[in-house]
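J.: In this note's numbering, the protein residues as written are 43 to 450. Can you read through this structure? Questions will come right after.
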């Protein structure tokens with residue numbers, strides 16, 4: 043979608059109607075395809091202590107949650123992943139009842155009768171000194187960084203039925219079980235890939251949160267919503283334990299969707315079932331991947347494992363707001379190589395990393411793309427108040443991304 047058209051849509055809330063319409067029979071009795079909007083939003087609905095998110099969502103008065111809900115209402119996706127939603131099952135209905143189904147600043151309420159949430163590795167003690175600081179305690183020694191179990195989790199909302207019996211989760215998949223894993227190396231020793239001890243490798247999990255395969259039933263078809271939130275490739279040392287983990291967390295989906303069974307034979311889910319996605323299955327990969335193809339601190343080529351895959355489409359959604367922010371904020375943005383129209387996250391500009399493309403919605407080759415966009419308004423747009431400049435951000439330091447596809 044052109045930037046001009048996207049700006050027009052954002053300036054006219056009524057134009058941002060749901061892409062989906064009920065399936066109906068054609069004259070020959072066959073079913074016509076549905077247009078479905080898939081979306082991902084790192085909404086920063088994380089809190090600093092367990093129970094705080096539930097407390098904040100128990101009333102309709104939390105300003106940040108109102109902003110998140112309004113953003114979602116303006117985009118109005120049919121299937122939505124929210125990253126950084128603390129694992130608290132009761133919070134799922136609270137956010138739906140008190141925010142999404144309540145008009146925010148005149149936006150039409152949005153109804154998601156289906157949802158899915160599951161535990162996250164964040165804050166789960168590993169019992170090991172994973173950062174090698176001499177102590178076994180704190181968020182850096184958890185299976186995924188977190189001040190408490192489930193912080194920075196995720197949730198899926200859907201207007202279409204979720205086949206919950208067929209969901210596959212990969213929370214406990216071990217990093218060392220990935221063939222050729224990019225394990226972190228201790229630069230102070232001559233041995234390669236030795237930052238983690240054999241005992242640690244026997245326990246350490248690949249997913250910093252989790253990887254989920256969530257089947258969405260759309261008419262008579264199933265689209266697999268493949269969601270994750272790889273760790274940021276920073277906050278470590280020369281061993282680059284977070285950068286290497288980020289690379290392999292992204293690789294996991296590239297292997298999972300490959301029709302070559304040898305690529306995915308090593309993968310096992312939390313129920314002990316091996317293998318990847320069934321050949322010919324339709325899917326949409328979504329998540330804050332914490333990796334820009336050209337800028338930032340991730341291992342080179344991390345996102346290209348998906349963007350260059352012959353089985354994945356990159357709709358390359360854009361916004362005018364991303365261009366405006368990069369030009370206005372300067373700093374690290376001045377030396378970036380990626381097109382700022384593709385940016386989805388507004389990070390610190392000095393010393394960096396600046397604004398980057400971190401958030402993705404990537405359909406399979408079998409799903410025709412009808413349009414895409416990033417909710418990042420410019421200052422002359424009435425919705426600029428939902429993103430805005432400065433810190434703390436009024437809603438999130440990430441922007442909602444969406445892609446419209448036709449489901450045959």
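Every residue, glycine too, gets a C-beta built ideally from N, C-alpha and C.
On a CA-only basis, which of 220, 320, 144, 405 is nearest residue 286? Give me that one, please.
T.: Against the chain shown, residue 286 aligns to sequence position 244. Closest by alpha carbon: 220.
J.: Suppose the cutoff is 6 Å on Cβ atoms and the five residues either side in sequence are ignored; what does the same chain contact list for residue 312 look like?
T.: Here residue 312 corresponds to residue number 270 of the chain shown, with the count starting at 1. So the list reads 211, 213, 214, once near-sequence residues are dropped.
J.: With 16 other CB atoms within 10 Å as the buried threshold, where does residue 76 fall?
T.: To locate residue 76, count along the chain shown from 1; it is residue 34. Buried, since its Cβ has 16 or more Cβ neighbours within 10 Å.
J.: Report the CB separation of residue 275 from residue 332 in whole angstroms; it is logged as a contact under 8 Å.
T.: In the chain shown, the residue the question calls residue 275 occupies position 233. In the chain shown, the residue the question calls residue 332 occupies position 290. That belief holds up - the Cβ atoms of residue 275 and residue 332 are roughly 6 Å apart, short of 8 Å.
J.: Given a cut-off of 9 Å, decide if residue 294 and residue 284 are closer than it, judged by their beta-carbon atoms.
T.: To locate residue 284, count along the chain shown from 1; it is residue 242. To locate residue 294, count along the chain shown from 1; it is residue 252. For residue 284 and residue 294, no; Cβs fall outside 9 Å.
J.: With which residues is residue 159 paired in a DSSP beta bridge?
T.: Here residue 159 refers to the residue found at position 117 of the chain shown. Bridge partners of residue 159: 197.
J.: What residue range is occupied by the uninterrupted beta strand (DSSP E) comprising residue 366?
T.: Start at 1 with the first residue of the chain shown, and residue 366 comes out as number 324. No beta strand (DSSP E) contains residue 366, which is instead part of the alpha helix (DSSP H) from 362 to 371.
J.: Would DSSP call residue 141 helix, strand or coil?
T.: As a first step, residue 141 must be located in the chain shown, where it is residue number 99. It is helical.
J.: Helix, strand or coil, according to DSSP, for residue 70 in the structure here?
T.: Numbered from 1 along the chain shown, position 28 holds the residue referred to as residue 70. Confidence in residue 70 is poor, its pLDDT being 43 and thus under 50, which makes the residue's placement unreliable; the coordinate value appears in the next sentence. Here residue 70 sits in coil by DSSP.
J.: Here's a check: name, in chain order, each residue in its chain whose Cβ is nearer than 8 Å to the Cβ of residue 340, leaving out the five neighbours to either side.
T.: In the chain shown, counting from the first residue as 1, residue 340 sits at position 298. For residue 340, where only same-chain residues beyond five positions count, the Cβ hits under 8 Å are 275, 285, 288, 289, 332, 333, 334.
J.: Could you check whether residue 147 and residue 440 sit closer than 9 Å to each other, using their CB atoms as the reference points?
T.: As a position in the chain shown, residue 440 is number 398, starting the count at 1. As a position in the chain shown, residue 147 is number 105, starting the count at 1. No.
J.: Mind checking whether residue 196 and residue 271 have CB atoms under 9 Å apart?
T.: Numbered from 1 along the chain shown, position 154 holds the residue referred to as residue 196. Numbered from 1 along the chain shown, position 229 holds the residue referred to as residue 271. The answer is yes: Cβ separation under 9 Å.
J.: Please check the pair residue 236 and residue 245, which I expect to be a contact at CB under 8 Å, by giving their CB distance rounded to whole angstroms.
T.: The residue given as residue 236 occupies position 194 in the chain shown. The residue given as residue 245 occupies position 203 in the chain shown. Contact doesn't hold; Cβ gap of about 16 Å is too wide.
J.: When DSSP labels each residue in this structure, what does residue 76 get in the three-state scheme?
T.: Indexing the chain shown from 1 puts residue 76 at position 34. Looking at residue 76 - three-state DSSP - the assignment turns out to be strand.
J.: Please check the pair residue 209 and residue 184, which I expect to be a contact at CB under 8 Å, by giving their CB distance rounded to whole angstroms.
T.: Indexing the chain shown from 1 puts residue 209 at position 167. Indexing the chain shown from 1 puts residue 184 at position 142. The pair is not a contact, with the Cβ atoms about 24 Å apart (cut-off 8 Å).
J.: If you run the structure through DSSP and keep just helix, strand and coil, what is residue 63?
T.: Numbered from its first residue, the chain shown carries residue 63 at position 21. Annotation note: pLDDT 34 at residue 63 (below 50); position unreliable, coordinate value reported separately. Here residue 63 sits in coil by DSSP.
J.: Once you ignore the five residues that flank residue 88 on each side, which residues in its own chain have a CB closer than 6 Å to its CB?
T.: Along the chain shown, read from residue 1 onward, the residue named residue 88 stands at position 46. Same-chain partners within the cutoff: 126, 128, 193, 194.
J.: Output the boundary residues of the beta strand (DSSP E) element that contains residue 348.
T.: As a working note, residue 348 is residue 306 in the chain shown. Counting along the chain, residue 348 falls outside any beta strand (DSSP E), though it belongs to the alpha helix (DSSP H) covering 346 to 349.
J.: Apart from the five residues just before and just after residue 47, which ones in its own chain have a Cβ nearer than 7 Å to its Cβ?
T.: Numbered from its first residue, the chain shown carries residue 47 at position 5. Only weak support is given to the placement of residue 47: the predicted model assigns it a pLDDT of 36, under 50, and the value that follows is read from those uncertain coordinates. Correct list: empty, nothing qualifies.
J.: Nearest by alpha-carbon distance to residue 401: which of 111, 383, 163 is it?
T.: Residue mapping note: residue 401 aligns to position 359 of the chain shown, counting from 1. Out of 111, 383, 163, 383 has the C-alpha closest to the C-alpha of residue 401.
J.: Between which two residues does the beta strand (DSSP E) harbouring residue 448 extend?
T.: Taking the chain shown and counting its residues from 1, one reaches residue 448 at position 406. Counting along the chain, the beta strand (DSSP E) containing residue 448 begins and ends at 443 to 449.
J.: If you draw a straight line from the C-alpha of residue 121 to the C-alpha of residue 177, how long is it?
T.: The sequence position of residue 121 within the chain shown is 79, counting from 1. The sequence position of residue 177 within the chain shown is 135, counting from 1. Roughly 42 Å between the two C-alpha positions.
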